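Trainee: I'd like to ask some things about the structure below.
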């Protein structure tokens, strides 16, 4: 046991790009003393995760703060009934050699400290496959996307912590699993050691073709960790009723403000979707004709009849006016459903002039 | 009855922007003669819809083609048992005054011709509230997003054909409904005539603030027709477990290739999502800790124990190396779950050197 605590603090808020030496400052300070209900721990393992860079770039960590990180720690000294010296725990000491746990010590978000039993699995798994990382793979693939046997699942960053877990869960569920990774050794590992059906490299010029060939039945589920080029290759392969888990877009985390790909990440709301568990449904009405048109006509017809639903039309007069009305519709110049009266309507109860005069509000 | 058919054809594939006169050419040609099993119709109403511009810009319609469009038509002459002169039908004559229906006439996608009963509702509704437009609103809002009473629903292009229907369905389901529209008259109509709870204008400099104030409990469902600035204003308001229906992004349909917003639309895969009915799930693991962690630990622990799941770690040695390992992880230089051995691990069954030598593959 040393009498010094060592830590990395944030030296500046990184403006762009990837980490460099100047972003971090080494700190030496006294080991803290546990108060009543508290225990002193030493860090055994520190977890490095992509999301930490996002926190630093976005200014969530202040300059001078000890960098956040999940840890596996050993209890050295305890004034708490909950922790005994020699206990191993999951906690969030961050990038430092020592830290406190117990009464009055802030819990980092949802990362409540918990004891680890070394008999079950190596203690490092508490920040890996049996920790948030594993739960991230499990909830994103299994809970959100509900894989069905025989479906094709693509996992990006396939050899990374989340990717390898997600892909193996998909294999257990009977799916065809195709990884995307970088160097050949990673691709080989994913196929030969983890049992993925295939793995293609995003570093290859033929990436998009390789992926298409590896997914002859298209893609039903995409577990997204990377974004950018990796993501672009998956898009044209998506099947009907496919699902995407938007776990991360690591390729975007280092982008500068002027970079289009970084803009895509921010402007599509990826950070919000991650936080709010948002589902985005693509809508193509043709998918619902067979399944829902009859129910719709019955229900909507009833609502209109009962006066619960009104509608407004903007009727252009004569086929000659179609281009002009079309342009007006696209740029906000029409009001309500836009249509063209091409010939006469013998069923209308009033003239077009009269319908326009009352604002084209029908079924009032 | 005239003896001439008139039509608008596509004069060129538009490269960018909004429609101009040169995009369309007026055509006069003979009215077609119906063959056996066919009927001749005259177009009463032609529907103008934003998706038509996408078809033309993407080259799906060839130069010289009669422009596609959904229509309400009247049967003039019939050699078919199915259609009688005087019948009104939904079909896809396109931008022309006459067209054929029946045997051997191509059906446009899922838009099967069907007879319309003028006694039920005005015949124009077959290309409006009781047609694909209504089904688009119904399936996107009701089927995909499952609105719950008391939730807040935001509808963009609120006074347009789809928007007014979607918002009213949400009202029937007991939601707070906030529209986004352009000019004041549209906002007033949506609130005063359709009964939306509020409507804000995207033309205002205070749009984002106005929307936030109109949604004091955040946004649970967003019915997306517009994209761009309208969409950006909704993002920060999204609640936990919110849902977005990606119906259209009309603001992007006219963008040029160099335009960032247009890139967003294409690069996020919006066209693919629409077609494939894809669901995108944002993932934040913290949302699943309370609900799924216990089940996860039990299931994943069992899979590891049974050898169904392996994992690989990349262990950096010593806290001093954390910044270097962190940067390597972000740029693809590590392999597997990245962690730092900060202190000694008394529970490990082998030294770090031995673990590295066997590729850090644990639980083999």
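Chains as they are written, first to last, in our numbering: chain A, 1 to 364; chain B, 1 to 364. All C-beta atoms in this analysis are idealised placements derived from N, C-alpha and C, irrespective of residue type, glycine included. Owing to the predicted nature of the structure, the values given are computational and were not obtained by experimental measurement.
Inspect the CB distances between the region 167-185 of chain B and the region 312-322 of chain A and report whether three or more fall short of 8 Å.
Mentor: no
Trainee: Between the alpha carbons of residue 97 of chain B and residue 43 of chain B, how many angstroms are there, rounded?
Mentor: 5 Å
Trainee: Give me whichever residues DSSP pairs with residue 111 of chain B in a beta bridge.
Mentor: Paired residue(s): B/108.
Trainee: Distance check for residue 107 of chain A and residue 14 of chain A, CA to CA, integer angstroms please.
Mentor: 25 Å
Trainee: Going by the CB atoms, is the gap between residue 156 of chain B and residue 230 of chain B shorter than 8 Å?
Mentor: yes
Trainee: Tell me the rounded alpha-carbon separation between residue 136 of chain B and residue 190 of chain A.
Mentor: Residue 136 of chain B and residue 190 of chain A have their C-alpha atoms roughly 42 Å apart.
Trainee: Looking at chain B, is there any beta carbon in it that lies within less than 8 Å of the beta carbon of residue 120 of chain A?
Mentor: yes
Trainee: Please state the DSSP three-state secondary structure of residue 53 of chain A.
Mentor: helix
Trainee: Measure the Cβ-Cβ separation of residue 141 of chain A and residue 130 of chain B and say whether it is below 8 Å.
Mentor: Cβ atoms of residue 141 of chain A and residue 130 of chain B: not closer than 8 Å.
Trainee: Inspect the CB distances between the region 109-120 of chain A and the region 77-95 of chain A and report whether three or more fall short of 8 Å.
Mentor: yes
Trainee: Tell me whether residue 102 of chain A sits in a helix, a strand or coil according to DSSP, three-state version.
Mentor: strand
Trainee: Taking residue 355 of chain B as the reference, which of A/237, A/332, A/124 and A/221 has the closest Cα?
Mentor: A/124
Trainee: Per DSSP, residue 201 of chain B forms a beta bridge with which residues?
Mentor: Note: residue 201 of chain B sits in a beta bridge opposite B/181.
Trainee: If we count Cβ pairs, one from each stretch, closer than 8 Å, do we get three or more for the region 22-35 of chain A versus the region 72-84 of chain A?
Mentor: Segment contact: the region 22-35 of chain A against the region 72-84 of chain A, three or more CB-CB distances shorter than 8 Å; contact assigned.
Trainee: Helix, strand or coil for residue 8 of chain B, going by three-state DSSP, please let me know.
Mentor: Three-state result, residue 8 of chain B: strand.
Trainee: Using a Cβ cut-off of 8 Å (strictly closer), state whether residue 89 of chain B contacts chain A.
Mentor: no
Trainee: Who are the neighbours of residue 341 of chain B on chain A, taking C-beta pairs under 9 Å?
Mentor: 44, 45, 46 and 124
Trainee: Just curious, the alpha helix (DSSP H) that residue 302 of chain B is in, first and last residue?
Mentor: 289-305
Trainee: Could you have a look at residue 120 of chain B and say whether DSSP puts it in helix, strand or coil?
Mentor: coil
Trainee: Below 8 Å on the Cβ atoms is my contact criterion, and I expect residue 26 of chain B with residue 67 of chain B to pass it. Report the Cβ-Cβ distance as a whole number of Å.
Mentor: At roughly 11 Å, the Cβ-Cβ gap does not stay under 8 Å, so residue 26 of chain B and residue 67 of chain B are not in contact.
Trainee: Using the beta-carbon of each residue, which ones in chain A are nearer than 8 Å to residue 310 of chain B?
Mentor: 164, 168, 193 and 194
Trainee: To the nearest angstrom, how far is it from the Cα of residue 239 of chain A to the Cα of residue 218 of chain A?
Mentor: C-alpha separation (whole angstroms): 6 Å.
Trainee: Taking the alpha-carbon of residue 111 of chain B as reference, which of A/49, A/179, A/72 and A/287 has the nearest alpha-carbon?
Mentor: Per the Cα distances, A/287.
Trainee: Please go through the same chain and pick out, in chain order, the residues whose beta-carbon is closer than 7 Å to the beta-carbon of residue 75 of chain A, but skip the five residues on each side of it.
Mentor: 39, 41, 83, 84, 85, 86, 87 and 89
Trainee: Does the region 144-155 of chain B touch the region 321-330 of chain A, meaning 3 or more C-beta pairs lie closer than 8 Å?
Mentor: Contact fails between the region 321-330 of chain A and the region 144-155 of chain B, because fewer than three Cβ pairs, one in each stretch, are under 8 Å apart.
Trainee: Using the Cβ count rule (16 or more neighbours within 10 Å means buried), how would you classify residue 257 of chain A?
Mentor: The pLDDT assigned to residue 257 of chain A is 43, lower than 50, so where the model puts this residue is not dependable, and the model offers no usable value.
Trainee: When DSSP labels each residue in this structure, what does residue 243 of chain B get in the three-state scheme?
Mentor: strand
Trainee: Write down the C-beta distance between residue 310 of chain A and residue 161 of chain B rounded to the nearest angstrom, noting that I regard them as a contact closer than 8 Å.
Mentor: About 12 Å separates the two Cβ atoms, so there is no contact after all.
Trainee: Can you tell which of B/308, B/330, B/300 and B/307 has the C-alpha that lies nearest to the C-alpha of residue 139 of chain A?
Mentor: B/300
Trainee: Just grab the DSSP bridge partners of residue 224 of chain B for me.
Mentor: B/246
Trainee: Does the distance from the C-beta atom of residue 369 of chain A to that of residue 197 of chain A stay below 8 Å?
Mentor: Since the displayed chain A opens at 1 and closes at 364, residue 369 of chain A lies outside it and no answer follows.
Trainee: Does DSSP classify residue 43 of chain A as helix, strand or coil?
Mentor: strand
Trainee: Once DSSP output is grouped into helix, strand and coil, what is the label at residue 93 of chain B?
Mentor: coil
Trainee: Does any CB atom of chain A fall closer than 8 Å to the CB of residue 198 of chain B?
Mentor: Nearest CB-CB separation between residue 198 of chain B and chain A: not below the 8 Å threshold.
Trainee: Determine the DSSP secondary structure at residue 83 of chain A, reduced to helix, strand or coil.
Mentor: coil
Trainee: Check the Cβ of residue 6 of chain B against every Cβ in chain A and list those closer than 7 Å, keeping chain order.
Mentor: Within 7 Å Cβ-Cβ: 319.
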